[in-house]
Ligand SMILES: [Zn+2]
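In UniProt numbering, the protein residues as written are 1 to 293.
Shown next as structure tokens:
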């Protein structure tokens, strides 16, 4: 289930200070520039740029062969520069504190643990550190007869809006298992995965999406408790004016562009939600470091 995603300032949202490690499929595989558009009054800035990724071990990868671009789907082109994105440190500082230890119930205190470099909530009784890390959200882009399966949300946030079936990955399951489970819960469809399609990070709110292409083992679907409706949509009929989340807008646009130009690829990108914008404004983002293979 996915009960609360992509809310700016959402108190349990947590933030990663470094970009995810990126390993393109196949060494030397060419990652090319892709154009993308939204069906709203969007703007597009693109360019082949040098990509430098900071890895978790502090090293960097410079992607000379990466075609990266940034899509701005904001309503104001003047706000589409990188300076509008929060720094990781700024986003990290906005985290809500965990006041009591989840293991022993003792009070916590802000401190920098040995060997660390950030302030954490540390239990004053047992000494354990309440780390806050990003959450993984997994889901499926279910294809059938040139259409994709969407469900209309029956729960907040974004009640009544359309989304791909997706939700939080559970402890004990893989991303693939979670995506199949969420699809079953929200659409009643029994699916098998075709391929990974996209990983999208949203650093500001500490979320990372993995979306798989999938197909129904048997063509059957019906809304689960968290969905008001489920429908297969032809690509020209996708309800872009009533999608639930930026991540779904980005995913569906990538997919449509892939279908237009040939075969679906694998995409990585960072959705930088624009601070200060309304949480339900799904167009208030920039798509940065978009790579595809
Ligand atoms: Zn404790």
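The C-beta atom is built at its ideal place from N, Cα and C for all residues, glycine as well.
Quick caveat, the model's predicted, so the values are computed rather than measured.
What is the DSSP secondary structure of residue i, reduced to helix, strand or coil?
i	result
residue 153	strand
residue 263	coil
residue 172	coil
residue 284	coil
residue 187	helix
residue 219	coil
residue 276	coil
residue 159	coil
residue 240	helix
residue 196	strand
residue 131	coil
residue 249	helix
residue 205	helix
residue 178	helix
residue 291	strand
residue 256	helix
residue 164	coil
residue 141	strand
residue 125	coil
residue 232	strand
residue 110	strand
residue 210	strand
Between the beta-carbon of residue i and the beta-carbon of residue j, is there less than 9 Å?
i	j	result
residue 266	residue 195	yes
residue 186	residue 138	no
residue 128	residue 104	yes
residue 282	residue 245	yes
residue 155	residue 202	no
residue 274	residue 285	yes
residue 191	residue 175	no
residue 207	residue 247	yes
residue 235	residue 256	yes
residue 193	residue 180	yes
residue 250	residue 144	no
residue 252	residue 148	yes
Kindly give me the distance between the Cβ atoms of residue i and residue j, rounded to whole angstroms, as I take these residues to be in contact under 8 Å.
i	j	result
residue 146	residue 126	So it is not a contact: roughly 56 Å between Cβ atoms.
residue 141	residue 221	Actually they do not touch by this definition, with Cβ atoms about 14 Å apart.
Can you list the residues near ligand 1, meaning Cβ strictly closer than 6 Å to any non-hydrogen atom, in the order they appear in the chain? Result: 101, 103, 104, 106, 123, 125, 126, 128.
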